[in-house]
Amino acid sequence: MRYLLVEDNIELAEAVIKRLALDGHAVDHATTLSEAEDCLAAASYDLILLDVMLPDGDGRDFLVRSRAHLATPVIVLTARSQVSDRVGALDQGADDYITKPFDFSELEARCRAVLRRRGGSARNEIALGPVIFDLLAGTLQRGTETLELRSREIRLLEVFARHPGQIMSKSQLMDRLFSYDTAVTENAIEVYVGRLRRRIDSVGLRIETVRGLGYRIEIDAA
Amino acid sequence: MMVVTRSIGKRLTLLLAGVAALLSVLSWSMVTGLAREATQRTQDNVLAASATTIAETLRSEQGAVRLELPYAAFAMLGAISQDRVFYRVTADDETLTGYEDMPPPVPGRQGQVMFDTANYRDAPIRMASISRLVLAGDGPVLVTVTVGQTRDGVGAIAAELSQLAAIFSVAFFLVAVALSAFVAQTSLRPLNEIAAAVSRRGPSDLRPLYREAPADLAPLLNALNRLMDRLQQSIRRSEDFIAEAAHRIRTPLATVRAQAEIALRTVSGEPEKDRLRRIIRAVDESSRSAGQLLDHATVAYRTEDLARDRLDLADLVAQTVAAMEPTAAMRDIHLQVDGVPTPISGDAVLLESAIRNVLDNAIKYAPEDTTVTLGITHAAGAARLTITDQGPGLGDEPVDDLIERFKRGKNTESIVGSGLGLTIAADVLRAHGGRLDLATATNGSGGACVSLVLPLV
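First to last, the sequence lines map onto chains A and B. Under the numbering used here, the first residue of the first sequence carries the number 122, and numbering increases by one thereafter. Under the numbering used here, the first residue of the second sequence carries the number 3, and numbering increases by one thereafter.
Structure (structure tokens):
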């Protein structure tokens with residue numbers, strides 16, 4: 122997936138880019154609206170993350186201006202929590218909004234929801250041997266057989282799928298899976314991994330327990 | 003504190019009435035004076051004519067002065083009133099005929115009629131006298147004819163005219179007072195209309211006042227509009243300030259949170275990870291509180307002048323659910339909506355914020371892999387949106403306490419929250435003439451069951 126991030130705070134932008142890159146996305150960064158316009162003229166993006174308060178204007182004005190010729194879905198990043206502001210962003214053509222500071226898992230979830238809702242040409246698939254993992258649709262496909270996964274199963278499987286053959290620790294999985302406002306024990310991870318293991322067994326994907334270290338995905342060569 | 007001085011209307015009426023009173027008195031005294039003058043002149047003319055008539059009969063006969071007293075000379079005096087008439091003819095200070103004790107005439111040139119007023123026989127009299135030289139035996143003799151008349155009749159006529167004038171003056175005064183009141187009221191009407199136009203407006207309507215007004219009120223209207231403009235600018239400035247402040251506070255918080263989250267993925271030691279998690283939690287806590295404080299302020303501001311738009315509660319629920327779905331999905335919580343078209347009236351932004359706050363609680367507190375149901379029912383003229391979760395429920399505290407500001411249930415320690423969510427929802431519903439009901443779910447899960455009750459339209 123190729124994202125355009127329009128955000129004037131360099132440190133926040135770097136963190137977002139780093140984090141999205143960890144999930145395998147390419148991110149272009151614009152710090153002003155005019156830079157964003159240049160980027161949009163030069164390349165096509167799957168999704169735009171747009172800050173509302175930028176040095177050369179209001180992100181929402183930009184939305185109104187460019188909505189007519191811009192088909193790319195937009196998620197607005199706003200620091201205001203006033204309801205009117207959120208509604209305003211949606212009225213002006215944003216597909217969704219997220220308030221700063223945001224949870225990365227929530228940002229991802231919203232990006233995925235917007236991309237899924239917009240359908241279009243966006244594809245985000247990972248091949249796990251003979252199995253095609255469609256991250257947007259949340260499906261596993263092997264031949265004619267299709268398996269639908271639930272939200273958390275998708276995210277858990279995504280962690281394994283992006284690191285084939287690597288051992289993922291329980292704590293790594295935990296950070297990826299849960300937001301930090303919930304207290305989660307490592308037992309919960311065992312429960313989720315166990316559940317995912319049972320679900321994906323039917324398409325021939327296996328999650329192996331590495332005692333004392335964590336888990337690793339195994340892909341059937343066939 | 004406003005000090006109320008006497009009303010302009012009353013002041014204007016009193017002023018105009020005072021002027022009218024002054025004019026009335028003036029006109030009365032003028033009419034009275036003129037009447038007195040006119041009657042005086044009439045009497046004088048007749049007296050002069052009478053004296054002249056008598057003087058004309060003077061002639062010299064055998065060295066002596068003779069005269070006739072023509073009847074007409076006295077008849078003409080009788081014609082104007084029934085007053086007593088006196089006369090006296092003197093020749094060189096010697097009385098020829100008439101009343102000897104009449105007051106002496108004013109000396110004047112020959113042939114000129116002189117008038118005088120004096121008291122005679124206990125009554126004021128008006129006298130006219132004329133002198134003439136008559137050639138008698140030894141030479142010319144200065145003969146003076148004096149005719150006098152009491153003034154009762156003349157006074158009566160003057161008094162009568164004066165009385166008439168007084169009646170007219172009073173009538174004029176009364177009419178003038180009535181007109182003053184009317185004029186005062188009419189000239190103040192544009193002012194009252196402006197006042198009514200301003201007070202008809204809602205507290206947040208700060209558009210300039212464009213309306214027809216007399217030129218005199220233009221400065222007032224302009225000043226009013228300038229004040230409204232300044233007020234609007236000041237409100238906009240503080241709104242901009244809040245937005246700017248939120249931006250300046252939350253962007254660094256977002257940076258801290260993002261960096262901490264990345265660090266969390268790169269460090270391996272469990273104590274370090276725990277520390278980072280605590281940082282993230284603190285960031286969440288403060289940003290959430292700040293957000294809800296702002297929301298609470300917005301709610302307080304908007305409920306003061308509540309919009310009354312026609313809305314469908316089911317639409318609002320659908321929109322809110324769509325916005326919250328990704329958050330719920332992160333915890334594999336299924337949002338089940340069971341809505342029927344439900345016409346209500348109110349402020350969409352506020353109602354959505356109320357629904358969001360309640361739904362946010364449900365999603366936060368419900369265990370993962372459970373269902374939160376949103377159902378709309380109608381009963382007794384009220385719409386009831388019930389949001390039921392399968393969470394830990396409300397505990398055994400009095401439910402009213404949970405709605406209090408910053409009050410959180412005792413079983414919520416591990417979850418980030420500010421304690422303002424239910425307060426905001428309750429405030430919004432109260433402003434819409436509804437209420438927030440808290441109960442324990444009846445589906446056996448022991449979860450919370452929060453109902454938003456709103457009047458149906």
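Every residue, glycine too, gets a C-beta built ideally from N, C-alpha and C. All figures in this text were calculated on a predicted structure; none of them were measured in a lab.
Item, Value
"Contact with chain A by B/M326, beta-carbon distance below 8 Å", "no"
"For A/Y336 and A/V115, the rounded distance between their alpha carbons", "Lying outside 122 to 343, the shown extent of chain A, residue 115 of chain A is not represented and no answer is given."
"Among B/T97, B/I169, B/T253, the one whose alpha carbon lies nearest that of B/P461", "Residue 461 of chain B is absent from the model: chain B starts at 3 and stops at 459."
"Beta carbon proximity, A/Q293 to chain B, threshold 8 Å", "yes"
"Where A/H146 sits in the DSSP three-state scheme", "coil"
"Residues that A/F254 bridges to, as DSSP identifies them", "A/I247, A/L261"
"Chain B contact residues for A/T220, given Cβ-Cβ distances below 7 Å", "G293"
"Any chain B beta carbon closer than 8 Å to A/S272", "yes"
"Beta-carbon proximity list for B/G377, same chain, < 6 Å, skipping 5 on both sides", "D340, T388"
"Contact with chain B by A/M289, beta-carbon distance below 8 Å", "no"
"Near the ligand ZN: B/F184 beta-carbon under 7 Å from a heavy atom", "Absent from the structure shown: the ligand ZN. Ligands present: none."
"Three-pair Cβ contact test at 8 Å for the stretch 48 to 66 of chain B versus the stretch 184 to 194 of chain B", "no"
"Candidates B/L266, B/A364, B/L315, B/L361: closest to A/D224 by CA position", "B/L266"
"Length of the line joining the Cα atoms of B/I237 and B/A443", "44 Å"
"Against chain E: residues of the stretch 426 to 455 of chain B by CB proximity under 9 Å", "Given the protein chain composition of this structure (A and B), no chain E is represented."
"Three-state secondary structure (DSSP) of B/H249", "helix"
"Option in A/A163, A/G259, A/H146, A/A189 with minimal Cα separation from A/L170", "A/H146"
"Residues sharing a beta bridge with B/S133, DSSP", "B/T146"
"Nearest-angstrom beta carbon gap, B/L69 and B/T55 [assumed within contact, 8 Å]", "Actually they are not in contact, since the Cβ atoms of B/T55 and B/L69 sit about 11 Å apart, beyond 8 Å."
"Proximal residues of chain A, C-beta to C-beta of B/E272 below 9 Å", "S292"
"Extent of the continuous alpha helix (DSSP H) to which B/P273 belongs", "272 to 306"
"Among A/L334, A/G259, A/A309, the one whose alpha carbon lies nearest that of A/E269", "A/G259"
"Test: A/D296 CB closer than 8 Å to a CB of chain B", "yes"
"Three-state class that DSSP yields for B/G20 in the structure shown", "helix"
"Spatially closest choice to B/D286 from B/D307, B/D311, B/L255, B/L315, by CA coordinates", "B/L255"
"C-beta contact flag for B/L208 and B/Q234 at 8 Å", "yes"
"Partners in chain A for B/K275, counting only beta-carbon separations shorter than 8 Å", "S292, D296"
"Reference B/A299, options B/T257, B/S201, B/S240, B/Q84, closest by Cα", "B/S240"
"With 16 other Cβ atoms within 10 Å as the buried cut-off, status of B/A197", "exposed"
"Nearest-angstrom Cα separation, counted from A/R271 out to B/F243", "42 Å"
"Under 8 Å between C-beta atoms of B/D249 and A/M174", "Here the sequence assigns His to residue 249 of chain B, which means Asp is not the residue at that position. Yes."
"Alpha-carbon to alpha-carbon, B/L163 and B/L25", "18 Å"
"Extent of the continuous alpha helix (DSSP H) to which B/P328 belongs", "315 to 332"
"Selected residue, minimal CA-CA separation from B/G34, among B/L456, B/V156, B/V6, B/Y89", "Checking the sequence, you will find Thr at residue 34 of chain B rather than Gly. It is B/V156."
"Contacts around B/K275, its chain only, beta-carbon distance under 7 Å, and the 5 residues preceding and following it disregarded", "L266, V269"
"Member of B/V342, B/A22, B/C451 whose CA lies at the smallest distance from the CA of B/L181", "B/A22"
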